[in-house]
Amino acid sequence: MKPTSRLGVFILVAPAALIYGFAVLLPFFGTIGLSFLRWDGYASPTWAGFGNYTRALSDVIFRSTFVHVGIYIVATLIVEVLLGLLLAGFVSSLRRSAFYRVALFIPVMLPMVVIAVLWQAIYNSDYGILNAILGSIGLGQWQHIWLGETRTALLSICLVSGWVFSGFYMAIFSAALNRLPNDVIESARLDGSGELKLFTKIKVPMIRQVTSIAILICITGGLQGFDLFYVLTNGGPYHTTEVPTTFMVKTVFRDGEFGYGSALAVIVSIVGLLTAYLFNTWQKRTRIEVEY
Amino acid sequence: MSALIRRLVHVCVGIYALMSLLPLFWMFYSSFKTNAQIAQDPLTLPTHFDFSVFREAWAVGGLGQYAVNSGIVTGTTTLIVLLTSAMAGFAISRLRFRGSKAIILMFTLGLLLPIQSYFIMQNQEFEWLNLKDTRWALIIPYAAMGIPLAIWLIKTYVDSLPKELFEAARIDGSTDVQTFRFLMLPIIRPALVTVGIFTALGAWNEFLLALLYIQDESLKTIPTGLLSFSSKYATDYRMLFAALTMVTVPMIALYVAFNKQIVAGLTQGAVKG
Chain A
0 MKPTSRLGVF
10 ILVAPAALIY
20 GFAVLLPFFG
30 TIGLSFLRWD
40 GYASPTWAGF
50 GNYTRALSDV
60 IFRSTFVHVG
70 IYIVATLIVE
80 VLLGLLLAGF
90 VSSLRRSAFY
100 RVALFIPVML
110 PMVVIAVLWQ
120 AIYNSDYGIL
130 NAILGSIGLG
140 QWQHIWLGET
150 RTALLSICLV
160 SGWVFSGFYM
170 AIFSAALNRL
180 PNDVIESARL
190 DGSGELKLFT
200 KIKVPMIRQV
210 TSIAILICIT
220 GGLQGFDLFY
230 VLTNGGPYHT
240 TEVPTTFMVK
250 TVFRDGEFGY
260 GSALAVIVSI
270 VGLLTAYLFN
280 TWQKRTRIEV
290 EY
Chain B
0 MSALIRRLVH
10 VCVGIYALMS
20 LLPLFWMFYS
30 SFKTNAQIAQ
40 DPLTLPTHFD
50 FSVFREAWAV
60 GGLGQYAVNS
70 GIVTGTTTLI
80 VLLTSAMAGF
90 AISRLRFRGS
100 KAIILMFTLG
110 LLLPIQSYFI
120 MQNQEFEWLN
130 LKDTRWALII
140 PYAAMGIPLA
150 IWLIKTYVDS
160 LPKELFEAAR
170 IDGSTDVQTF
180 RFLMLPIIRP
190 ALVTVGIFTA
200 LGAWNEFLLA
210 LLYIQDESLK
220 TIPTGLLSFS
230 SKYATDYRML
240 FAALTMVTVP
250 MIALYVAFNK
260 QIVAGLTQGA
270 VKG
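Sequences listed follow chains A and B, in order.
Under numbering that gives the first Met the number 0, the residue at position 46 of the first sequence is numbered 45, and the numbers go up by one with no gaps.
Under numbering that gives the first Met the number 0, the residue at position 158 of the second sequence is numbered 157, and the numbers go up by one with no gaps.
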């Protein structure tokens, strides 16, 4: 349809375009530009070329943030996506499941900071409930200063993440499982396949597309993780839970290195986009066409 | 499936659900205990129920102010996103004009860009324009971040409507802006509900930008406000639990009342984005 007037089109599109352009697009290109400068935020910036990038690649702490975030992503794929899939399988096989669907989704909608402060209390070594429970059931030797020890801090954060998002992925998978056509499931049942086989051999392959979206959300979301890390450990102890974004925020807003921080931002964004792109092409190439 | 296995699954999922709810339950009942009770015996239930702690956290602890700020920021953001995205989504979907492809491409880019790729320079923009420590420093970026996905969802919805509908309005002499106002807005309500839910929750819960842009205590939203509350009352466990309870219980109540729409809004927002 041709617009009735150019002014009409302008009135309709301009507000969204201006807000988005001003607060996202412009600063996006600005950040790329800034990554080639050396700048403390006040004095006049100097040209750095690729200096910030070469510095980033040899920065031991920055490199380690990718290891930590990699561990976090692998762990959350298990305690969020895989657990969510299993829960969806279990819950969808039950007749009365409304309670579980509602209850397990609660943490998803709460502010991450609120969850982080709550779990700080749970992990607290003085009055936290985790150590109290371990002590009361005779597992006192399992007690830890969960967020303060290098061996437990990162995994403790992964656990919180699982507590929040397993319900989210359960909801996604439940919706997909409920959309499956009944005749296929029924005919498989008539052919004598048990519930377990039905789930692993028929239902899960049929919702494959949803699974790959879930994995992608988990990976890209993990790379951007900040709130939990900032509140629970802020990268500590000894940078063992430092992730790209906590490190970036420290570089820019504590050390005042705007150019270097921007280079880190560009690298992290490229890694994220590249991962998503590679994952998508790989998925497309290996997809088994299931029609339903 | 045999009845025995079904019962077993019920018990397992039930135990898991109870374990999941335990942290929230613990948070709730601990706000009724004294600090000494919490420290000595974190597990035991409270002996009596004193609600004055909630009043104290709300007024003295400043929680009330944070809630008001969150309400203003969330409400304004959601209104802006709904209105601007509905207008743009309609124009992009239904009108063929020069540059429409470029505009679609520009908004699609926004679906891909992570917040990390622009927040450093955005902070600088707001610094130069003296927007930091004002509510606009949150409303503008929250709206800007919500718009691409909102436009995408609305455009998809409008694409699915029969084009005869719009052509009929045209023949009746309605201009595009009138068509938008009187035909489009009423019929895309389902899409607006979805967009409204994830935009509002996103704004209500956002932390990184709120942390960087707002230092003024009287303007802080709930996430950053709760963080300063928790450092101010680090040893007053009772107050901390009361604050957590007051932030979460209304949200849980709201969620239980509208759980179908909220689950659909959040999962659709994520999956299609």
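The beta-carbon is built from N, C-alpha and C at its ideal position, and this holds for glycine as well.
Because the structure is a prediction, the values reported are computed rather than measured.
Of the residues the options, the one placed nearest residue i, counting alpha carbons only
{"i": "P276 of chain B", "options": "B:V59, B:L112, B:G63 and B:F24", "result": "The structure shown does not extend to residue 276 of chain B, since chain B is modelled only from 0 through 272, so no value can be given for it."}
{"i": "P243 of chain A", "options": "A:A13, A:T64, A:I10 and A:D39", "result": "A:T64"}
{"i": "L227 of chain A", "options": "A:Y52, A:S43, A:I144 and A:G161", "result": "A:G161"}
{"i": "A264 of chain A", "options": "A:A275, A:Y276, A:T250 and A:T274", "result": "A:T250"}
{"i": "A87 of chain B", "options": "B:Q267, B:L148, B:V52 and B:I251", "result": "B:L148"}
{"i": "V270 of chain B", "options": "A:P204, A:L179 and A:A175", "result": "A:A175"}
{"i": "R93 of chain B", "options": "A:G7, A:G234, A:P236 and A:T274", "result": "A:G7"}
{"i": "D254 of chain A", "options": "A:I10, A:L17 and A:W38", "result": "A:W38"}
{"i": "A199 of chain B", "options": "B:L137, B:V157 and B:D235", "result": "B:L137"}
{"i": "P236 of chain A", "options": "A:L154, A:G166 and A:V203", "result": "A:L154"}
{"i": "F31 of chain B", "options": "B:F50, B:L82, B:G172 and B:W203", "result": "B:F50"}
{"i": "I261 of chain B", "options": "A:T75, A:Y229, A:F27 and A:I171", "result": "A:I171"}
{"i": "I206 of chain A", "options": "A:G221, A:I218 and A:P180", "result": "A:P180"}
{"i": "I299 of chain A", "options": "A:F257, A:T274, A:T280 and A:T285", "result": "Lying outside 0 to 291, the shown extent of chain A, residue 299 of chain A is not represented and no answer is given."}
{"i": "Y15 of chain B", "options": "A:V12, A:V78 and A:I144", "result": "A:V78"}
{"i": "L226 of chain B", "options": "A:P110, A:F27, A:T75 and A:L93", "result": "A:P110"}
{"i": "V12 of chain A", "options": "B:P161, B:A85, B:P222 and B:W135", "result": "B:A85"}
Buried or exposed (CB count within 10 angstroms, at least 16 for buried), residue i
{"i": "W46 of chain A", "result": "exposed"}
{"i": "F179 of chain B", "result": "buried"}
{"i": "A131 of chain A", "result": "buried"}
{"i": "T1 of chain A", "result": "The sequence given here has Lys at residue 1 of chain A, not Thr. Exposed, because fewer than 16 other Cβ atoms sit within 10 Å of the Cβ of K1 of chain A."}
{"i": "W118 of chain A", "result": "buried"}
{"i": "E163 of chain B", "result": "exposed"}
{"i": "L17 of chain B", "result": "exposed"}
{"i": "Q214 of chain B", "result": "exposed"}
{"i": "Y19 of chain A", "result": "buried"}
{"i": "F118 of chain B", "result": "buried"}
{"i": "G60 of chain B", "result": "buried"}
{"i": "H67 of chain A", "result": "buried"}
{"i": "Y229 of chain A", "result": "buried"}
{"i": "C11 of chain B", "result": "exposed"}
{"i": "F53 of chain B", "result": "buried"}
{"i": "A274 of chain B", "result": "In the structure as shown, chain B begins at 0 and stops at 272. Residue 274 of chain B is therefore absent and cannot be evaluated."}
Contact list for residue i against chain A, beta-carbon separation under 9 Å
{"i": "L207 of chain B", "result": "F225, D226, Y229, T244 and V248"}
{"i": "I139 of chain B", "result": "I18, F21 and A22"}
{"i": "N204 of chain B", "result": "M108, L109, P110, M111, V112, V113 and D226"}
{"i": "E166 of chain B", "result": "M0"}
{"i": "A30 of chain B", "result": "According to the sequence displayed, residue 30 of chain B carries Ser and not Ala. Those do not exist, as S30 of chain B stays about 11 Å from chain A at its closest Cβ, beyond 9 Å."}
{"i": "L130 of chain B", "result": "Simply none; closest approach about 10 Å."}
Proximity of residue i and residue j at Cβ, strictly below 8 Å
{"i": "T73 of chain B", "j": "G145 of chain B", "result": "no"}
{"i": "L195 of chain A", "j": "A187 of chain A", "result": "no"}
{"i": "I114 of chain B", "j": "I102 of chain B", "result": "no"}
{"i": "L42 of chain B", "j": "I128 of chain A", "result": "yes"}
{"i": "L103 of chain A", "j": "L82 of chain A", "result": "no"}
{"i": "S211 of chain A", "j": "Q282 of chain A", "result": "yes"}
{"i": "Y122 of chain A", "j": "L146 of chain A", "result": "yes"}
{"i": "F206 of chain B", "j": "L265 of chain B", "result": "no"}
{"i": "V80 of chain A", "j": "I201 of chain A", "result": "no"}
{"i": "Y126 of chain A", "j": "Y236 of chain B", "result": "yes"}
{"i": "L218 of chain B", "j": "N68 of chain B", "result": "yes"}
{"i": "A115 of chain A", "j": "L231 of chain A", "result": "yes"}
{"i": "I60 of chain A", "j": "E241 of chain A", "result": "yes"}
Within chain B, partners of residue i - CB distance below 7 Å
{"i": "V251 of chain A", "result": "I119"}
{"i": "L103 of chain A", "result": "A16 and S19"}
{"i": "F164 of chain A", "result": "Ordered by position in chain B, no residue passes the 7 Å Cβ test against F164 of chain A, which lies about 10 Å from the chain."}
{"i": "V66 of chain A", "result": "Simply none; closest approach about 18 Å."}
Partner residues on chain B for residue i, Cβ-Cβ distance less than 9 Å
{"i": "Y99 of chain A", "result": "V12, G13, Y15 and A16"}
{"i": "G29 of chain A", "result": "Y117, I119, M120, Q121, Q123 and E124"}
{"i": "L33 of chain A", "result": "I119, M120 and Q123"}
{"i": "A47 of chain A", "result": "In chain order: nothing, as chain B lies at least about 15 Å away."}
Proximal residues of chain A, C-beta to C-beta of residue i below 8 Å
{"i": "T174 of chain B", "result": "T3, S4 and G7"}
{"i": "L200 of chain B", "result": "M108"}
{"i": "R169 of chain B", "result": "M0 and T3"}
Closer than 7 Å at the beta carbon, the chain A residues around residue i
{"i": "F179 of chain B", "result": "L11"}
{"i": "G109 of chain B", "result": "Y19 and V23"}
Practice prompt. Could you please tell me which residues of the segment 244–267 of chain B, in chain order, have their CB closer than 7 Å to any CB of chain A?
Written response: Residues V246, T247, M250, I251, Y254, V255, N258, I261, V262, L265 and T266.
Item to complete: Report the residues of the segment 111–128 of chain A with a CB closer than 8 Å to any CB of chain B, ordered along the chain.
Response: Shown in chain order are the members of the segment 111–128 of chain A whose Cβ falls below 8 Å from a Cβ of chain B: M111, V112, V113, V116, L117, W118, Q119, A120, I121, D125, Y126, G127 and I128.
Worksheet item: Quick one, which residues of the segment 68–98 of chain B are near chain A if we go by CB-CB under 8 Å, in chain order?
Response: Against chain A - using a Cβ distance shorter than 8 Å - the residues of the segment 68–98 of chain B are I79, L82, T83, S84, M86, A87, F89, A90, I91, R93, L94, R95 and F96.
Worksheet item: Of all the residues that make up the segment 213–239 of chain B, which are near chain A by a beta-carbon distance shorter than 8 Å?
Response: Within the segment 213–239 of chain B, the residues whose Cβ lies closer than 8 Å to some Cβ of chain A are I221, P222, T223, L225, L226, S229, Y236 and L239, listed in chain order.
Worksheet entry | Members of the segment 256–271 of chain A near chain B, C-beta cut-off 8 Å | Under the 8 Å Cβ criterion, the segment 256–271 of chain A contributes F257, G260, S261, A264, V265, V267, S268 and G271.
Practice prompt. Could you name the residues of the segment 197–228 of chain A whose beta carbon sits closer than 7 Å to any beta carbon of chain B, in the order they occur along the chain?
Written response: Taking 7 Å as the Cβ-Cβ cut-off against chain B, the residues of the segment 197–228 of chain A that qualify are I212, I216, Q223, F225 and D226.
Worksheet item: Taking Cβ-Cβ distances below 8 Å as the criterion, which residues of the segment 71–88 of chain A are in contact with chain B?
Response: Along the segment 71–88 of chain A, the positions whose C-beta sits under 8 Å from a C-beta of chain B are L86, read in chain order.
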